[in-house]
Structure formats: structure tokens, C-alpha cells
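Visitor: In UniProt numbering, the protein residues as written are 1 to 219.
Think of the CB as a built atom: it goes at the ideal place given N, C-alpha and C, for glycine as much as any other residue.
On a predicted model such as this, the values are computed, not experimentally measured, just so you know.
Handing you this structure, nothing more for now.
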Amino acid sequence: MIEREVTVRAPDVELDGRWSTSPDAVGAVVFAHGSGSSRHSPRNRAVADVLHRSGIATLLFDLLTPEEEQVDRITRELRFDIDLLTRRLTGAVDWLAAREDTAGTPIGLFGASTGAAAALRTAAERPDAVTGVVSRGGRPDLAGGGALRAVRAPALFIVGGADTDVLRLNKEALDRLGGAGRIRVVPGATHLFEEEGAMEEVADAAGEWFVRVFGAPGG
Numbered sequence: 001m002i003e004r005e006v007t008v009r010a011p012d013v014e015l016d017g018r019w020s021t022s023p024d025a026v027g028a029v030v031f032a033h034g035s036g037s038s039r040h041s042p043r044n045r046a047v048a049d050v051l052h053r054s055g056i057a058t059l060l061f062d063l064l065t066p067e068e069e070q071v072d073r074i075t076r077e078l079r080f081d082i083d084l085l086t087r088r089l090t091g092a093v094d095w096l097a098a099r100e101d102t103a104g105t106p107i108g109l110f111g112a113s114t115g116a117a118a119a120l121r122t123a124a125e126r127p128d129a130v131t132g133v134v135s136r137g138g139r140p141d142l143a144g145g146g147a148l149r150a151v152r153a154p155a156l157f158i159v160g161g162a163d164t165d166v167l168r169l170n171k172e173a174l175d176r177l178g179g180a181g182r183i184r185v186v187p188g189a190t191h192l193f194e195e196e197g198a199m200e201e202v203a204d205a206a207g208e209w210f211v212r213v214f215g216a217p218g219g
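Below, the structure written as C-alpha cells:
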């Protein structure tokens, strides 16, 4: 994989990101991190590493500017501003789709926590651009029923078995999903999947899902 720092140009702001790709990449996955996290999230980077081994390019970028992150550390409000996060994520998808070297490349979204709600809304807003979605410990309920019904991309909800409240919310959201959806429960795992082997299971499940929806060899 060739990695480089990039500037993602969303409609209202420029955001820092890390783009990892190879000449024969079968698709690209854009990450939407969760509450209080950034493009440096070790959990998302662990998933990205597994995707790279399947020939999938990745874009990890900051949904908030450094100034906004400082505000959010105090108020904890922006991480729940799904409208804002969706605008940023949709802008990143549009930016990727418009690049000469990635135009026409299948795009998937990987959302964690509140980032999963933004991923589902973006999938609803860009049905022709988004090929698949994976949610890790996500809050798909925050996307809203209208957005969930408008999602056409196949979606995988990965939830920890011990994360009971979030598991319930994911099951309820799955019933409202407009396209194909599935829940993958990681037995005994809590919200951050810190248990031994839990993140490895998340990464493997995400890799298998994106390989399948991208139509890659072996998928």
C-alpha cells in the first residue's frame, strides 16, 4: 500500500486525512470515526490494515477541524451533530469520486459509534456512489427512520454481545433498513471491542463484507 497525507475538501471545510491505496485496489473504504476520535484511531487503523491485505484502499480523515475538536472535548456536542458529520462524510465521498485516480472506484463506508449514523445517511444521499456500509458498535438509530429506509447499499452491523443497549438499537434499525442488512454479534464483546480477539473479528468481518460487495475475486 502507498500511504500519503491528503487534504479532503468538503463543502464547508478542508480536513486532514490519510489515503492508502495500491495500483490494483478493488475498491475504497472511507472511515467515519466515532465519539471523540480522529483519523489516528487505533481501532479503525487496525481494520484498515486488514482491508489493505484484501486489496482495498482506505481513507481515514478527521471529521472535525482541530479547533472543533477542542470545543468538542469540552462540550461533547459536535460528535453527536449527525447533520454536520454527514456533510463532512458526504463531502469526502464526493471528493474521492471526483479524483482522477479514483473515479469509478467502488466506495464503501465504515462507521463507528455516531460515525455509523453519518455513514448510513451518506449512503442514503449517495445511492449511486456508496456500494456497501459497515457499522462497528454504531448508533444507526441516530440516522433517522427516513434515512434508514432510503439506504440501498448492503449494510453490516457489527455489535458486541455484551453491548446490550446498542445491540437492541441496531436490531431495531435493521428492521427499518431499506436495503439488505445483517447483524454480526461478537460474543462477549463490549462497546469498544477491547476483549481479546474482538477487534480481529470485527476487522475480518468487515474485510469479508467489503470484498463481497465490491465483487472482488474470492468475494
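Looking at the secondary structure, which residues open and close the alpha helix (DSSP H) in which residue 288 lies?
Guide: Residue 288 lies beyond the residue range present for the chain, which begins at 1 and ends at 219; the question has no answer from this structure.
Visitor: Should the segment 83 to 95 be regarded as contacting the segment 1 to 21, the criterion being three or more beta carbon pairs within less than 8 Å?
Guide: Contact holds: three or more Cβ-Cβ distances are below 8 Å.
Visitor: For my contact list, VAL159 and VAL151 are in at a C-beta cut-off of 8 Å; report their separation, rounded to the angstrom.
Guide: Their Cβ separation, rounded to whole angstroms, is 17 Å, which puts VAL159 and VAL151 out of contact at 8 Å.
Visitor: From VAL50 to GLY207, what distance separates their C-alpha atoms?
Guide: Their Cα atoms are separated by approximately 7 Å.
Visitor: Give a yes or no on whether the C-beta atoms belonging to ILE82 and VAL29 are separated by under 9 Å.
Guide: Against a cut-off of 9 Å, the Cβ pair of VAL29 and ILE82 comes out as no contact.
Visitor: Between the segment 132 to 148 and the segment 115 to 122, do three or more beta carbon pairs fall short of 8 Å?
Guide: Flag = yes, the segment 132 to 148 and the segment 115 to 122 touch.
Visitor: Are ALA112 and ARG43 touching if we call contact CB-CB under 9 Å?
Guide: Going by C-beta atoms, ALA112 is nearer than 9 Å to ARG43.
Visitor: If you follow the beta strand (DSSP E) that ALA153 is part of, which residue opens it and which one closes it?
Guide: Neither: ALA153 is in no beta strand (DSSP E) and is coded neither H nor E.
Visitor: Roughly how many angstroms lie between the CA atoms of residue 238 and ASP141, to the nearest whole one?
Guide: Outside the displayed span of the chain (1 to 219) sits residue 238, for which this structure offers no information.
Visitor: Which first and last residues belong to the beta strand (DSSP E) in which LEU15 is found?
Guide: Its beta strand (DSSP E) spans residues 13 to 21.
Visitor: Out of curiosity, what's the CA-to-CA distance linking GLU69 and GLU194?
Guide: Rounded to the nearest angstrom, the two C-alpha atoms are 24 Å apart.
Visitor: Determine the DSSP secondary structure at THR131, reduced to helix, strand or coil.
Guide: Strand.
Visitor: Evaluate PRO154 with the Cβ neighbour count: other Cβ atoms within 10 Å of its Cβ, from every protein chain shown; 16 or more gives buried, anything less gives exposed.
Guide: Under this definition PRO154 is a buried residue.
Visitor: By Cβ distance below 7 Å, which residues in the same chain neighbour LEU174 in space, the five residues on each side in sequence not counted?
Guide: PHE157, GLY181, ILE183, listed in sequence order.
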